[in-house]
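Number of protein chains: 4
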Amino acid sequence: MSAQTESARKPRTSRGERTRRALLNAAAEEFGEKGFQGASVSGITARAGTALGSFYTYFESKDEIFRALVRDMSAQVRGAVGPAILAAPDRLAGELAGLTAFIGFVRAHKELYRIIDEAEFVDPESYREHYRSTAEGYLTSLRSAAERGEVRADVDEVHAWAIVGMNVFLGLRYGVWSDEGDTSDVSASAFELLKNGLKPQDS
Amino acid sequence: MSAQTESARKPRTSRGERTRRALLNAAAEEFGEKGFQGASVSGITARAGTALGSFYTYFESKDEIFRALVRDMSAQVRGAVGPAILAAPDRLAGELAGLTAFIGFVRAHKELYRIIDEAEFVDPESYREHYRSTAEGYLTSLRSAAERGEVRADVDEVHAWAIVGMNVFLGLRYGVWSDEGDTSDVSASAFELLKNGLKPQDS
Amino acid sequence: MSAQTESARKPRTSRGERTRRALLNAAAEEFGEKGFQGASVSGITARAGTALGSFYTYFESKDEIFRALVRDMSAQVRGAVGPAILAAPDRLAGELAGLTAFIGFVRAHKELYRIIDEAEFVDPESYREHYRSTAEGYLTSLRSAAERGEVRADVDEVHAWAIVGMNVFLGLRYGVWSDEGDTSDVSASAFELLKNGLKPQDS
Amino acid sequence: MSAQTESARKPRTSRGERTRRALLNAAAEEFGEKGFQGASVSGITARAGTALGSFYTYFESKDEIFRALVRDMSAQVRGAVGPAILAAPDRLAGELAGLTAFIGFVRAHKELYRIIDEAEFVDPESYREHYRSTAEGYLTSLRSAAERGEVRADVDEVHAWAIVGMNVFLGLRYGVWSDEGDTSDVSASAFELLKNGLKPQDS
DNA sequence: AATGAATGAGAGTTCATTCAT
DNA sequence: GATGAATGAACTCTCATTCAT
Numbered sequence: 000m001s002a003q004t005e006s007a008r009k010p011r012t013s014r015g016e017r018t019r020r021a022l023l024n025a026a027a028e029e030f031g032e033k034g035f036q037g038a039s040v041s042g043i044t045a046r047a048g049t050a051l052g053s054f055y056t057y058f059e060s061k062d063e064i065f066r067a068l069v070r071d072m073s074a075q076v077r078g079a080v081g082p083a084i085l086a087a088p089d090r091l092a093g094e095l096a097g098l099t100a101f102i103g104f105v106r107a108h109k110e111l112y113r114i115i116d117e118a119e120f121v122d123p124e125s126y127r128e129h130y131r132s133t134a135e136g137y138l139t140s141l142r143s144a145a146e147r148g149e150v151r152a153d154v155d156e157v158h159a160w161a162i163v164g165m166n167v168f169l170g171l172r173y174g175v176w177s178d179e180g181d182t183s184d185v186s187a188s189a190f191e192l193l194k195n196g197l198k199p200q201d202s
Numbered sequence: 000m001s002a003q004t005e006s007a008r009k010p011r012t013s014r015g016e017r018t019r020r021a022l023l024n025a026a027a028e029e030f031g032e033k034g035f036q037g038a039s040v041s042g043i044t045a046r047a048g049t050a051l052g053s054f055y056t057y058f059e060s061k062d063e064i065f066r067a068l069v070r071d072m073s074a075q076v077r078g079a080v081g082p083a084i085l086a087a088p089d090r091l092a093g094e095l096a097g098l099t100a101f102i103g104f105v106r107a108h109k110e111l112y113r114i115i116d117e118a119e120f121v122d123p124e125s126y127r128e129h130y131r132s133t134a135e136g137y138l139t140s141l142r143s144a145a146e147r148g149e150v151r152a153d154v155d156e157v158h159a160w161a162i163v164g165m166n167v168f169l170g171l172r173y174g175v176w177s178d179e180g181d182t183s184d185v186s187a188s189a190f191e192l193l194k195n196g197l198k199p200q201d202s
Numbered sequence: 000m001s002a003q004t005e006s007a008r009k010p011r012t013s014r015g016e017r018t019r020r021a022l023l024n025a026a027a028e029e030f031g032e033k034g035f036q037g038a039s040v041s042g043i044t045a046r047a048g049t050a051l052g053s054f055y056t057y058f059e060s061k062d063e064i065f066r067a068l069v070r071d072m073s074a075q076v077r078g079a080v081g082p083a084i085l086a087a088p089d090r091l092a093g094e095l096a097g098l099t100a101f102i103g104f105v106r107a108h109k110e111l112y113r114i115i116d117e118a119e120f121v122d123p124e125s126y127r128e129h130y131r132s133t134a135e136g137y138l139t140s141l142r143s144a145a146e147r148g149e150v151r152a153d154v155d156e157v158h159a160w161a162i163v164g165m166n167v168f169l170g171l172r173y174g175v176w177s178d179e180g181d182t183s184d185v186s187a188s189a190f191e192l193l194k195n196g197l198k199p200q201d202s
Numbered sequence: 000m001s002a003q004t005e006s007a008r009k010p011r012t013s014r015g016e017r018t019r020r021a022l023l024n025a026a027a028e029e030f031g032e033k034g035f036q037g038a039s040v041s042g043i044t045a046r047a048g049t050a051l052g053s054f055y056t057y058f059e060s061k062d063e064i065f066r067a068l069v070r071d072m073s074a075q076v077r078g079a080v081g082p083a084i085l086a087a088p089d090r091l092a093g094e095l096a097g098l099t100a101f102i103g104f105v106r107a108h109k110e111l112y113r114i115i116d117e118a119e120f121v122d123p124e125s126y127r128e129h130y131r132s133t134a135e136g137y138l139t140s141l142r143s144a145a146e147r148g149e150v151r152a153d154v155d156e157v158h159a160w161a162i163v164g165m166n167v168f169l170g171l172r173y174g175v176w177s178d179e180g181d182t183s184d185v186s187a188s189a190f191e192l193l194k195n196g197l198k199p200q201d202s
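Quick mapping for you: the protein sequence lines, in order, are chains V, L, F and Z. Under numbering that gives the first Met the number 0, the first sequence has 67 at position 68, and the numbering climbs by one with no breaks. Under numbering that gives the first Met the number 0, the second sequence has 186 at position 187, and the numbering climbs by one with no breaks. Under numbering that gives the first Met the number 0, the third sequence has 199 at position 200, and the numbering climbs by one with no breaks. Under numbering that gives the first Met the number 0, the fourth sequence has 107 at position 108, and the numbering climbs by one with no breaks.
Here is the structure:
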């Protein structure tokens, strides 16, 4: 996973490993606060407590560390949300659990959106891939749920993207922009809509 | 509407008016292609066919013209989608019409997403305001529809944001990233989901 | 002459013209003293009395101004030496006059060698072209002199390059490295060798 | 010979000797390809297959290894050309043999010119010394030939420099810039000029 | 003797903004 | 109002050299 364009500059000692890790963490902070262009390499090294030049021992450029970060966060999101879905008894319950987990993750990693959004400019490939693979995962999962009769039989790609968009915006609104309120209240309400739709409900 | 920081520099002649308009159009192109930081004032004036210095006759700064653009595009979206919704017989039908109109608008203004997304960094106020007011509009509209019995009675803010996110992502996927396929097929499918939900459907 | 790769950034006002000229003169000094790599753009602008950024109004890069300079000096040499040769009664006399003029030029432009030599690395094209065209000019001139019986009948390319090398090294030794001695003593002695050769002379 | 600033860091083991030799060979390549400033110490150690830090075990600085190289090549040239001259029956024949040997050497060591030329900036002392000692050797040799009646009686320093320049440029043109053609054709033609001069020849 | 991580001064280049014409 | 030259702070990246292991 995320084996793509690996940095040509791998640390060869454990001291180097620590420095590289410090730079990545510092970069997440810096990019999260200032965006890609607003961030500076010297800002990253200052946060990491290393000399400016050390940055280039581990990363070829500002672009490269950003790309590494995008792939990293993309993997982290999947790592946090995927298991929650899988643990649920059925697909609809999984939807509820997944959204709850996602909003929780976002609250703990408020820089996620800024980094992913900036990728649109800096690394469009990763940007599209992030959402594309998310939607594709949804679609596959929904289709097998449809076969088991857990969701409507005619689920399609449009539905998958619609759900992704829903989740992303709820994460933005109730995760990034607000810490108030219970995460599960939000996902419960969204889940109700997603399950039964907008039409007038019986009783 | 959008009374915020109005430009202190209004054109006084019709020649000036044309120059200002040319700069705004050029800025939409430049920011759409390169993002806020990647865009340059000289790039904007080059596209507009004016001298570099003339820029500052009409705008105080690069930031200012960007903010003006965000507000402009935000208003344009509402202007394109709102009437389509209002013309529909009821709220659910309006939803369908609105989404169709939105994807159509996006296809004609592919720079929309890049500009709005960049606003997250350059003008966070406008960015949040854009989505907040959109969601609020939805909520108001849904509530009165609920009173008329057109949609479920318990509509709330979470539902409004969920629908906004759905629309945004369908616009991204089927508007910006793809020109293929009929706009109304997409919105029909999304509408079906939104109306009846994900649960297994009768018959 | 020297129309090659023209800078895309031509001054449009006379003030701009003056600044560009000041930068070129400053660059000749800076490159002459420190060589291409040792020279810095900020050193050039400091000598020229302009701001650092102004440099880039007129030249795209440090490389570009260097190339402009090489072509310029190459043309200056031809401009100084060519007429002296043409004014002579015959080709052999022209050789004497040309060498004298060349050493004189070198004494007044000691930076010539350092700049031309550095071109070997920075702008190999211009470097080879400089010497190639010089040798070619010699060859053409020698051949027509041969037809008039002024020089030996079998002059060839090797002879032309030999003479160029002779002149270049005499210029280096008696022009750049030493101001002492009369220019015409040197060229007279060299001329004697060139005319009659190294073999024992009669009487 | 050339006792100047000897390296303060002599290898003490045979393993060290090999490493030092590898660094010198690597430096010849690196400097020949990229020039002094373009070359990097890490480029040299990469070619030599050693760690960056090891460089400083054998050389005090980038400058020092360059100076060592210039002296080395200067000696190599003399070593290749000198014997050829000495083996000739008389001075004029020696001239022919020497030029042939020189062009041959240059063809096998195309980096020679770039390295010597760069010395003009990095180590002017060695640069001037290289040519000065070459010219001086010529002059001494020519004077004793004059006493033996092998060449004209009035040979002087100017003649010596003229011949050096001739040889250098023929080496550049027919050695570095071109591998075509027979080396001895070039030197034969040059020799003819040098022996009899440019004036119209009898018969 | 060998390694490679760390350092930081210094380079080239960009560009928002000002201002004289 | 329009023009484009001028400014200089800020930024990314390089690399000779040092030093702990």
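In this text, a Cβ means the ideal position worked out from N, Cα and C, and glycines have one as well.
Could you tell me whether any Cβ in chain L is nearer than 7 Å to the Cβ of M165 of chain V?
-> Within the first sequence, the letter at position 166 stands for residue 165 of chain V. Yes - at least one Cβ of chain L is within 7 Å of the one on M165 of chain V.
Same chain, Cβ closer than 7 Å to F101 of chain F, five either side skipped, listed in chain order = Residue mapping note: residue 101 of chain F aligns to position 102 of the third sequence, counting from 1. Correct list, in chain order: V80, N166 and G170.
CB of L193 of chain F within 7 Å of CB of L197 of chain Z, strictly | Reading the third sequence from its first residue, position 194 is the one you call residue 193 of chain F. Reading the fourth sequence from its first residue, position 198 is the one you call residue 197 of chain Z. Yes, they are a contact pair.
So, using beta-carbon positions, are G103 of chain Z and T182 of chain Z closer together than 7 Å?
-> Position 104 of the fourth sequence, counting from 1, holds the residue named residue 103 of chain Z. Position 183 of the fourth sequence, counting from 1, holds the residue named residue 182 of chain Z. Taking 7 Å as the Cβ cut-off, G103 of chain Z and T182 of chain Z qualify as a contacting pair.
Unbroken alpha helix (DSSP H) run spanning S188 of chain Z, endpoints | Looking up residue 188 of chain Z in the fourth sequence gives position 189. Looking at the DSSP string, the run of the alpha helix (DSSP H) that includes S188 of chain Z is T182 to N195.
For S39 of chain L, does the three-state DSSP call read helix, strand or coil?
-> Mapped onto the second sequence, residue 39 of chain L falls at position 40. Three-state DSSP puts S39 of chain L in coil, outside helix and strand.
Using the Cα positions of S186 of chain F and N195 of chain Z, report the straight-line distance between them to the nearest angstrom.
-> Residue mapping note: residue 186 of chain F aligns to position 187 of the third sequence, counting from 1. Residue mapping note: residue 195 of chain Z aligns to position 196 of the fourth sequence, counting from 1. The straight-line gap from Cα to Cα measures roughly 18 Å.
Would DSSP call Q75 of chain Z helix, strand or coil?
-> Walking along the fourth sequence from the start, residue 75 of chain Z turns up at place 76. Helix.
Apart from the five residues on each side of it in sequence, which residues of its chain come closer than 7 Å, Cβ to Cβ, to Y137 of chain L?
-> The count along the second sequence starts at 1 and reaches residue 137 of chain L at position 138. Excluding positions up to five away in sequence, the list reads A159, I162 and V163.
If you draw a straight line from the C-alpha of R206 of chain L to the C-alpha of G42 of chain F, how long is it?
-> Since the first and last residues shown for chain L are 0 and 202, residue 206 of chain L lies out of range.
For S183 of chain Z, decide whether its Cβ has a neighbour in chain F, counting only Cβ atoms nearer than 7 Å.
-> The residue labelled residue 183 of chain Z in the question sits at position 184 within the fourth sequence. So no, S183 of chain Z is outside the interface.
Distance, I64 of chain Z Cα to L22 of chain Z Cα = Start at 1 with the first residue of the fourth sequence, and residue 22 of chain Z comes out as number 23. Start at 1 with the first residue of the fourth sequence, and residue 64 of chain Z comes out as number 65. Using only the alpha carbons, I get a separation of about 9 Å.
Touch check for the segment 73-89 of chain F and the segment 42-59 of chain F: three-plus C-beta pairs under 8 Å?
-> no
Kindly indicate which three-state DSSP category S177 of chain L falls into: helix, strand or coil?
-> In the second sequence, the residue the question calls residue 177 of chain L occupies position 178. Reduced to three states, the DSSP call for S177 of chain L is coil.
Under 7 Å between C-beta atoms, does S188 of chain L make it to chain V?
-> Looking up residue 188 of chain L in the second sequence gives position 189. It does: the Cβ of S188 of chain L has a partner Cβ on chain V nearer than 7 Å.
Cβ-Cβ separation, D116 of chain L to D116 of chain V (assumed contact under 8 Å), whole Å = What you label residue 116 of chain V is simply residue 117 of the first sequence in a count that begins at 1. What you label residue 116 of chain L is simply residue 117 of the second sequence in a count that begins at 1. So it is a contact: roughly 5 Å between Cβ atoms.
Quick one: which chain F residues come within Cβ less than 7 Å of E119 of chain Z?
-> Taking the first residue of the fourth sequence as 1, we reach residue 119 of chain Z at position 120. Going along chain F in sequence order, the residues near E119 of chain Z (Cβ under 7 Å) are R113 and D116.
Among residues of its own chain, excluding the 5 on either side of G34 of chain Z, which ones have a beta-carbon nearer than 6 Å to its beta-carbon?
-> Taking the first residue of the fourth sequence as position 1, residue 34 of chain Z is located at position 35. If we look at G34 of chain Z and ignore the five residues flanking it on each side, its Cβ neighbours are E117.
Three-way DSSP call (helix, strand, coil) for D122 of chain Z in this model = Within the fourth sequence, residue 122 of chain Z is the residue found at index 123, counting from 1. DSSP places D122 of chain Z in coil when its eight states are reduced to three.
Could you confirm whether any beta carbon from chain V is found closer than 7 Å to the beta carbon of G148 of chain L?
-> Translated into the one-based positions of the second sequence, residue 148 of chain L becomes position 149. Yes, G148 of chain L counts as interfacial toward chain V.
Neighbour list for D122 of chain V in chain L, Cβ cutoff strictly below 8 Å | For this step, residue 122 of chain V is matched to residue 123 along the first sequence. Those within 8 Å of D122 of chain V in chain L number zero; the least Cβ separation is about 12 Å.
Same chain, Cβ closer than 7 Å to V105 of chain F, five either side skipped, listed in chain order | One-based indexing of the third sequence puts residue 105 of chain F at position 106. Closer than 7 Å at Cβ, skipping near neighbours: L111, G170, G174 and V175.
Taking 8 Å as the threshold, find out whether the segment 51-59 of chain V comes into contact with the segment 7-15 of chain V through three or more Cβ pairs.
-> yes
Nearest residue (CA-CA) to D201 of chain Z, options F:L91, F:V150, F:A134 and F:T99 = Residue 201 of chain Z sits at position 202 when you count from the first residue of the fourth sequence. It is F:V150.
Contact with chain L by D89 of chain V, beta-carbon distance below 7 Å | Position 90 of the first sequence, counting from 1, holds the residue named residue 89 of chain V. False, the Cβ-Cβ gap to chain L never drops below 7 Å.
Quick one: is D62 of chain F near chain Z, going by C-beta distance under 7 Å?
-> What you label residue 62 of chain F is simply residue 63 of the third sequence in a count that begins at 1. So, not an interface residue.
Under 7 Å between C-beta atoms, does R142 of chain V make it to chain L?
-> Mapped onto the first sequence, residue 142 of chain V falls at position 143. Cβ-Cβ to chain L under 7 Å: no for R142 of chain V.
How would you call S125 of chain F, buried or exposed, if buried means at least 16 neighbouring beta carbons within 10 angstroms?
-> The count along the third sequence starts at 1 and reaches residue 125 of chain F at position 126. Counting Cβ neighbours within 10 Å, S125 of chain F comes out buried, since at least 16 surround it.
Taking the CB atoms as reference points, tell me whether A145 of chain L and V157 of chain L lie closer together than 7 Å.
-> Position 146 of the second sequence, counted from the first residue, corresponds to residue 145 of chain L. Position 158 of the second sequence, counted from the first residue, corresponds to residue 157 of chain L. No.
With DSSP collapsed to three states, give me the class of E59 of chain L.
-> To locate residue 59 of chain L, count along the second sequence from 1; it is residue 60. Coil.
With burial defined as no fewer than 16 other Cβ atoms inside 10 Å of the residue's Cβ, what is the status of D178 of chain Z: buried or exposed?
-> Residue numbering aside, residue 178 of chain Z sits at position 179 when the fourth sequence is read from its first letter. Exposed is the call here.
Which residues, taken in chain order from the segment 12-37 of chain F, show a beta carbon closer than 7 Å to some beta carbon of chain Z?
-> G34, Q36 and G37
Fully enclosed by the segment 6-30 of chain V, which beta strand (DSSP E) runs are 3 residues long or longer?
-> none
State yes or no: is the C-beta of H129 of chain F within less than 7 Å of the C-beta of S73 of chain F?
-> Locating residue 129 of chain F in the third sequence gives position 130, counting from the first residue. Locating residue 73 of chain F in the third sequence gives position 74, counting from the first residue. Going by C-beta atoms, H129 of chain F is nearer than 7 Å to S73 of chain F.
For K194 of chain Z, which residues in chain F fall below 7 Å Cβ to Cβ?
-> For the purposes of this step, residue 194 of chain Z is taken as the residue at position 195 of the fourth sequence. In chain order: G196, L197 and K198.
Give me the Cα-Cα distance between G78 of chain V and S13 of chain Z, rounded to the nearest whole angstrom.
-> Here residue 78 of chain V refers to the residue found at position 79 of the first sequence. Here residue 13 of chain Z refers to the residue found at position 14 of the fourth sequence. If I take the Cα positions, the gap works out to 56 Å.
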